[in-house]
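One structure is given here, and the rest of the page talks about it.
Residue numbers (our numbering), protein chains in the order written: chain G, 1 to 205; chain F, 1001 to 1205.
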């Protein structure tokens, strides 16, 4: 589908905007725009405005850098959360993933990425200073590293470990091992090797 | 990903809006919204406004019902197009598909769907009256049926054939046969049967 055959510039603009999104090709973009065209003007306006409003009014929590509608996010503001444990994650999606487990009652710190020299991301591009400031108050007892299990994640873990070593704080990392539901046969050798080394005493669930 | 774990209502709203689009699940919606959040406010505003503007300002060509920014679409307004031939299609996408072949120099008529009793779509829901009015002027020499090769498409073809039979106009239909690039082995028997019945004298391309 080439651009030249659009009979409407308005249509072409909207399709181009949708096609600029990751994973959305021109055909899909066209299909989505046609769907919006079939809705009432009010519904379509609500769609467009939800995006504009989000971008213009969104804030980041002053404590943990999580996405928020207010100065302090709901998690940091919740008196039931344990402020002595900070889980360090890459992004907002990771906060939601961990919240979905219903296993964590501490607070978070969203770094905004991981150290990745190849992408030009150094420690100063991440929210490491504010993490150090939080640890520096002496309130924090444990920091859980919950970054991606990639080279960049490991590098960032190591950097944080060195940087925060001077504080009296326990640093832990998510267990690595065979994913629940995975077959051994298809588990890669590095994961399997780590799972062997980190084996635990057997106990009934 | 459940709704309850969104730390921002603005974010949740935008994700819900994206997830209302066909083929976009909640995870994809979230990914798309995060992408928009990383852009500049101006870019995101342009995105949102392109949709609102489209929905509020779009028009349909008074002649052919094609999508248009003006009263008469570019195709109908083009003096080089042959007004004596009308290609009847279901929707705007089909106009673009045919335009992309660069094989057609006539004009179009967009029905806005096909007759489908199961979906409650009858002849009066389609732009059939305006098609008849165009044929009634006596200017039109040929009508090409280019609807979907489905039961509904066939029903609509037959309805139009009966309805327009009283006018002195040639009615043709797109050739049906083996698709270019398809292997015979995988062609369904109805298509193959039609392709056999409608076989043409061999000529070199």
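Glycine is no exception: its CB is placed at the ideal position from the N, C-alpha and C atoms.
### Message
8 Å is my cut-off, CB to CB: does residue 52/G come that close to chain F?
### Response
As a working mapping, residue 52/G is identified with position 52 in the first chain. True, the Cβ-Cβ gap to chain F drops below 8 Å.
### Task
Check the Cβ-Cβ distances between residue 1112/F and every residue of chain G, and say whether any is below 8 Å.
By one-based count along the second chain, residue 1112/F stands at place 112. Closer than 8 Å: no.
### Message
Considering only the alpha carbon of each residue, which of 198/G, 164/G, 192/G lies closest to residue 175/G?
### Response
Taking the first residue of the first chain as position 1, residue 175/G is located at position 175. Comparing Cα-Cα distances from residue 175/G to each of 198/G, 164/G, 192/G, the minimum goes to 198/G.
### Query
Are the C-beta atoms of residue 10/G and some chain F residue less than 8 Å apart?
In the first chain, the residue the question calls residue 10/G occupies position 10. Cβ-Cβ to chain F under 8 Å: yes for residue 10/G.
### Query
Does the beta-carbon distance from residue 177/G to residue 194/G come in below 8 Å?
The count along the first chain starts at 1 and reaches residue 177/G at position 177. The count along the first chain starts at 1 and reaches residue 194/G at position 194. For residue 177/G and residue 194/G, yes; Cβs fall inside 8 Å.
### Task
Would you identify the three-state DSSP class for residue 1074/F, choosing helix, strand or coil?
Looking up residue 1074/F in the second chain gives position 74. Residue 1074/F falls in the helix class under three-state DSSP.
### Query
Leaving out five residues before and five after residue 1172/F in sequence, what residues of the same chain have Cβ atoms less than 8 Å from its Cβ?
Your numbering for residue 1172/F matches position 172 in the second chain. Result list for residue 1172/F: 1142, 1143, 1144, 1145, in chain order.
### Task
Give a yes or no on whether the minimum CB-CB distance between residue 101/G and chain F is below 8 Å.
Here the question's residue 101/G lines up with position 101 in the first chain. Chain F, which has no Cβ nearer than 8 Å to the Cβ of residue 101/G, makes this no.
#### Entry: Cutoff 8 Å: residue 1145/F Cβ touching any chain G Cβ
If you number the second chain from 1, residue 1145/F lands on position 145. No, because no Cβ of chain G sits closer than 8 Å to the Cβ of residue 1145/F.
### Query
Just by C-beta distance, which residues in the segment 37-52 of chain G are closer than 9 Å to chain F?
37, 39, 40, 41, 43, 44, 45, 46, 47, 48, 49, 50, 51, 52
### Message
For residue 62/G and residue 156/G, what's the separation of their Cα atoms in angstroms?
### Response
As a first step, residue 62/G must be located in the first chain, where it is residue number 62. As a first step, residue 156/G must be located in the first chain, where it is residue number 156. Taking the straight line joining both Cα atoms gives about 22 Å.
#### Entry: residue 170/G: first and last residue of the uninterrupted alpha helix (DSSP H) it sits in
For the purposes of this step, residue 170/G is identified with residue 170 of the first chain, where counting begins at 1. Note, residue 170/G: premise wrong, no alpha helix (DSSP H); beta strand (DSSP E) at 170-173.
#### Entry: Status (buried if at least 16 other CB within 10 Å, exposed otherwise) for residue 40/G
As a position in the first chain, residue 40/G is number 40, starting the count at 1. So residue 40/G counts as exposed.
### Reduced DSSP category for residue 1186/F - H, G, I as helix; E, B as strand; rest coil
Numbered from 1 along the second chain, position 186 holds the residue referred to as residue 1186/F. Helix at residue 1186/F.
### Rounded distance between the beta-carbons of residue 152/G and residue 115/G, thought under 8 Å
Locating residue 115/G in the first chain gives position 115, where the first residue counts as 1. Locating residue 152/G in the first chain gives position 152, where the first residue counts as 1. Confirmed, about 6 Å.
### Query
What span of residues does the alpha helix (DSSP H) with residue 82/G cover, start to end?
Locating residue 82/G in the first chain gives position 82, where the first residue counts as 1. Premise fails: residue 82/G lies in the beta strand (DSSP E), 82-89, not in any alpha helix (DSSP H).
### Query
Would you report the Cα separation of residue 12/G and residue 31/G, rounded to the nearest angstrom?
For the purposes of this step, residue 12/G is identified with residue 12 of the first chain, where counting begins at 1. For the purposes of this step, residue 31/G is identified with residue 31 of the first chain, where counting begins at 1. Their Cα atoms are separated by approximately 12 Å.
### Message
For residue 76/G, which residues in the same chain have their Cβ closer than 7 Å to its Cβ, ignoring the five residues on either side in sequence?
### Response
Indexing the first chain from 1 puts residue 76/G at position 76. Once the five neighbours on either side are set aside, the close Cβ partners of residue 76/G are 61, 63, 64, 107.
### Query
DSSP three-state call for residue 1135/F: helix, strand or coil?
Taking the first residue of the second chain as 1, we reach residue 1135/F at position 135. Residue 1135/F: helix per DSSP, three-state reduction.
### Task
Give me the Cβ distance between residue 72/G and residue 1048/F, rounded to the nearest whole Å; I'm assuming they're in contact under 8 Å.
Here residue 72/G refers to the residue found at position 72 of the first chain. Here residue 1048/F refers to the residue found at position 48 of the second chain. Contact flag wrong, Cβ pair sits at about 27 Å.
### Message
Rounding to the nearest angstrom, what Cα-Cα distance links residue 1053/F and residue 1184/F in this structure?
### Response
Mapped onto the second chain, residue 1053/F falls at position 53. Mapped onto the second chain, residue 1184/F falls at position 184. Residue 1053/F and residue 1184/F: Cα-Cα distance of roughly 47 Å.
### Query
Taking the Cβ atom as the reference point for each residue, do residue 1067/F and residue 148/G lie within a distance shorter than 8 Å?
Counting from 1 along the second chain, the entry for residue 1067/F is found at position 67. Counting from 1 along the first chain, the entry for residue 148/G is found at position 148. No.
### Message
Counting only Cβ pairs nearer than 9 Å, list the residues of chain F close to residue 73/G.
### Response
The count along the first chain starts at 1 and reaches residue 73/G at position 73. Think of a sphere of 9 Å around the beta carbon of residue 73/G: the chain F residues whose beta carbon falls inside it are 1007, 1008, in chain order.
### Message
I need the DSSP call for residue 167/G, collapsed to helix, strand or coil.
### Response
For the purposes of this step, residue 167/G is taken as the residue at position 167 of the first chain. Residue 167/G: coil per DSSP, three-state reduction.
### Query
Which residues in the same chain have their Cβ closer than 7 Å to the Cβ of residue 1058/F, if we skip the five residues on either side of it in sequence?
As a working note, residue 1058/F is residue 58 in the second chain. Around residue 1058/F: 1067.
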